[in-house]
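The opening residue of the sequence shown carries number 742 in our numbering; numbering runs sequentially from there. Below is one structure, written out as structure tokens; comments come after it.
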Amino acid sequence: MLTKHFMLQTFFKNKNISKTLKLRLKNTITDKTLTCASETWTLTKTDGKKLNIFERKVSRTILDPVHDNEKQYWRI
């Protein structure tokens, strides 16, 4: 799964491609990869945390959030 992300990193960072398309692609890749033979997996707490970290990392790459220091919050 990480390999696919690194292959698509330039695509995800491209400002000329819509965020909607990038998110759709991320969801498709993640869902296909996770559901492939997933009925035989045992998901531990650690594995779940790692998957959540990965998904947040990809989402941050796509959405490119910016921290507003004046208002003390993140905006997309």
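All C-beta atoms in this analysis are idealised placements derived from N, C-alpha and C, irrespective of residue type, glycine included.
Residue range 807-809 is occupied by the beta strand (DSSP E) that includes D809. For R816, DSSP records a beta bridge to V807. Judged by beta-carbon spacing, I803 lies within the 8 angstroms limit of K763, meaning their Cβ atoms are closer than that value. By the neighbour-count criterion, in which 16 or more other beta carbons inside 10 Å mark a residue as buried, K760 falls on the exposed side.
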